[in-house]
Amino acid sequence: MARPPLPLLLLALGLAAAAKSPYQQVLQHSRLRGRQHGPNVCAVQKLIGTNRKYFTNCKQWYQRKICGKSTVISYECCPGYEKVPGEKGCPAALPLSNIYETLGVVGSATTQLYSDRSNLRPEIEGPGSFTIFAPSNEAWASLSAETLDSLVSNVNIELLNALRYHMVDKRVLTDDLKHGTTLNSMYQNLPIQIHHYPNGIVTVNCARLLKADHHATNGVVHVIDKVIATTTNTIQQIIETEDSLETLRTAVAASDLSSLLESEGQYTLLAPTNEAFEKIPRETLNRILGDPEALRDLLNHHILKSAMCTEAIIAGLTMETLEGTTLDVGCSGEELTLNGKSIIANKDVLATNGVVHFVNDLLIPDSAKTVFELAQESEVSKSTDLFRQAGLSSHLTGSERVTLLAPVNNVFKDGLPVIDSNMRNLLLNHIVKDQLSSKYLYHGQKLQTLGDKELRVFVYRNNLCIENACIAAHDKRGRFGTLFSVDKMLTPPTGSVMDVLKADHRFSTLVAAIQSAGLTENLNRPGTFTVFAPTNEAFRAMPQGELNKLMGNAKELANILKFHVADEILVSGAVSALVRLKSMQGDKLEVSMKNNVIHINKEPVAESDIMATNGVIYAVNSVLQPQASRPQERGDEPADPALEIFKQASALSKVSQRNPRLAPVYSRILARMKENSGGF
């Protein structure tokens, strides 16, 4: 029989490897880490100070942490193998016996004992094909005395029923334990919930598989870390029967989510307790409970799209909610955390359609918050003080559709400005009419403010700006308003470029020069100018003779002034690397950022982002010179470039004269240069 081509063989092997379950992939990694200690040795991570052990994946191997706690590495026989005295590693497969005998070998002797006591032993010793999820010895020991007594009393019927609920009447290996599926148990066919997570953790009714796939002559044994109990209630029924969820029960009924929480599926409900609701200010809570859309968003924010047992969480991960938002779910030792906070009061309450974790804090999504609440919790909290002092809170807490342009706290590192009529008007111009989203803003868009100003949107390669203020963080979209965090206080334009220059005494010489050069009309008309405006100080720094000559030549003056103007708007927030602008004179202007100061043609700018209705102005303390107008730095006569190169290459020329191939070329160049220069 012909062998398959090598590429096809490699592809088949790759597909086979890809088909391995997450559990098998992690087990394989543990084998690789343990192989130096002999055959069939697995590396195991053990939480320091506990008996909890985990097969290790690559990330955990290097981090050496589980739920933020340090681990130590130990080496054990991989499942299904045992040591042989005098030999390295675990070379021998465990003897194949029936399920009853196998229980004693794999660390579930208590399950074996209770099988004998409950008269289950004959069944699991005899013929058949079974799978048993066997609680470890420690799992039985962790049961309360009351629970254990209820199981072993009543002529052992309860114990037998409990054990049969841990069994399935067929062989089921870890590769068959698919995420989100159920298996019918051997007790009244009640379902057992299986979850097989990407990190290799497998849970059975939220109990973790510790040692899996132990083969027996009549089935398979998986050791788990808990005694599992039957469940017949849906998530909705758990809400209805728990006294600590009374407020949640009322909220669910008002939001019409009851049908979802009693339907088939696999959800995780982070159920806020009565205590969680009581922590919220009464005004906020009443507002949300009285707003059907906000209430629905609030509750959907507490429902994850898949069932998540706490045993599966060994490091931080991001989970998506029904609302479309995400929560950071993690762990710290034994504690489950949400967004970094340990707020889980009761975990792993199993339902037929998922799992419930009780939480003592209400998780309010942005979509149920006012703009004022969004700002208070962000890096713009100082701005909220400013708007409150100005008496503008009502615009940010009601049902008015607005977008708040809130400067980040660092803008006010020297303290908040004094509130007067001018400041209040300025703050009104930080509130845009309508609820916006930055991803829909476009270059040249005009926005209307509550202060009746028109703001322009500028879209750059590296930034999105509204006038001089650039967006510093992702939007936060609330119930009726959106928060844009911006990097500075907004300065709405007050007039044209000429209007702004005339109103500022620093530019009186420039204004006179513009008028003299006949450019006034240009800078008054609608447009998109960037003007690098020389101050009076800049003109005073010029030699008097040169200044007089410039001012007396209207054509040259116009040429110089046009070199200071570009026909596009560039605010400072758009400058991170070198930006080149074409001036109205024709030459390029080079704008750069150095030590947080804007430079134009390597000259520092004295003030940036003076906004005008038709452009932006930068104050500069020097008069910029186009390339052609700069003084010559060489001698009276321009040097011949070829001659300069020739003079600087004397060493090369000596070599050239000695080289038969280069000598004729050298002679021709020498003759031409003598002819052009008359000798040198």
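If you use mature numbering (1 follows the signal peptide of the UniProt record, and there is no 0), the sequence shown corresponds to residues -18 to -1, 1 to 662, in order. Cβ atoms here follow ideal geometry from the backbone N, Cα and C, with glycine treated the same way. All values reported here derive from a predicted model rather than from experimental measurement.
Checklist entry - For R103, which residues of its own chain have a beta-carbon under 7 Å away from its beta-carbon, when the five flanking residues on both sides are left out? => result Y82, S97
Next on the checklist: I'd like the list of long-range same chain contacts for G315, defined as Cβ closer than 8 Å, with 5 residues on each side in sequence excluded.
Outcome noted: C49, G50, K51
Next on the checklist: Is the separation between the beta-carbon of P335 and that of Q430 shorter than 9 Å?
Outcome noted: Checking the displayed sequence, the identity of residue 335 turns out to be Asn instead of Pro. Not in contact: N335 and Q430 (Cβ atoms no closer than 9 Å).
Checklist entry - Out of N181, H148, K152, which has the shortest C-alpha to C-alpha gap to K208? => result H148
Item to check | Alpha-carbon spacing of K41 relative to N22, whole angstroms | outcome: 22 Å
Item to check | Spatial distance of N321 from L345 (CA atoms) | outcome: 9 Å
Next on the checklist: Below 8 Å on the Cβ atoms is my contact criterion, and I expect Q10 with I55 to pass it. Report the Cβ-Cβ distance as a whole number of Å.
Outcome noted: The pair is not a contact, with the Cβ atoms about 17 Å apart (cut-off 8 Å).
Checklist entry - Name the DSSP bridge partner or partners of L252? => result H339
Checklist entry - From H19 to G68, what distance separates their C-alpha atoms? => result 13 Å
Next on the checklist: Within the continuous alpha helix (DSSP H) that includes L130, where are the two ends?
Outcome noted: 127 to 134
Checklist entry - With 16 as the cutoff for other CB atoms within 10 Å, does V579 come out buried or exposed? => result exposed
Checklist entry - Excluding five sequence neighbours on each side, which residues of the same chain lie with their C-beta closer than 6 Å to the C-beta of A601? => result A515, T517, A588, E589
Next on the checklist: Considering only the alpha carbon of each residue, which of E359, M566, I270, I582 lies closest to V573?
Outcome noted: I582
Item to check | Residue(s) in a DSSP beta bridge with S565 | outcome: A548
Checklist entry - Just the Cα atoms here: how many angstroms apart are P4 and E107? => result 31 Å
Item to check | Stretch-stretch touch, CB-based, cutoff 8 Å, three pairs: the segment 275 to 293 with the segment 232 to 244 | outcome: yes
Item to check | I551 and F511 closer than 9 Å at C-beta | outcome: yes
Checklist entry - If you draw a straight line from the alpha carbon of F628 to that of Q609, how long is it in whole angstroms? => result Bear in mind that the predicted position of F628 carries a pLDDT of just 36, short of 50, making it unreliable; the figure below should be weighed with that in mind. So the alpha carbons of these two residues sit roughly 26 Å apart.
Checklist entry - Is K570 helix, strand or coil by DSSP? => result strand
Item to check | C-alpha distance - S118 paired with V88, whole-angstrom precision | outcome: 9 Å
Next on the checklist: I need the DSSP call for Q170, collapsed to helix, strand or coil.
Outcome noted: coil
Checklist entry - How about K576 and K570: do their beta carbons lie closer than 9 Å? => result no
Next on the checklist: Within a Cβ cutoff of 8 Å, which residues of the same chain sit near T60, ignoring the five residues on either side of it in sequence?
Outcome noted: In the sequence as presented, Thr is not what sits at residue 60; that position holds Cys. Once the five neighbours on either side are set aside, the close Cβ partners of C60 are L9, S12, R13, G16, N22, V23, C24, C72.
Item to check | Three-way DSSP call (helix, strand, coil) for F51 in this model | outcome: The sequence as given places Lys at residue 51; Phe does not occur at that position. Three-state DSSP puts K51 in a strand.
Next on the checklist: Just verifying my parser: in three-state terms, what is the DSSP assignment at residue 663?
Outcome noted: The question about residue 663 has no answer, for the chain in this structure spans -18 to 662.
Checklist entry - Is DSSP giving G201 helix, strand or coil here? => result strand
Item to check | Neighbourhood of K152 by C-beta distance below 7 Å, restricted to the same chain and skipping five residues each side | outcome: S111, T113
Item to check | Buried or exposed (CB count within 10 angstroms, at least 16 for buried), T255 | outcome: buried
Item to check | Assigned exposure category for G31 - 16 Cβ within 10 Å defines buried | outcome: exposed
Item to check | Burial state of R643 (16 or more Cβ within 10 Å) | outcome: Reliability of the predicted coordinates at R643 is poor, the pLDDT of 49 falling under 50, and no value is obtained from them.
Checklist entry - When the Cα atoms are used, what is the spatial distance from G509 to E449? => result 15 Å
Item to check | L418 vs F466 beta-carbon contact at 9 Å | outcome: yes
Checklist entry - Smallest Cα separation from A294: which of E305, C313, K287? => result C313
Next on the checklist: When you compare the CB positions of A388 and V439, do they come within less than 9 Å of one another, or not?
Outcome noted: no
Item to check | Neighbour-count burial assignment, I139, 16 or more Cβ in a 10 Å radius | outcome: exposed
Checklist entry - Helix, strand or coil: which one does DSSP assign to T214? => result coil
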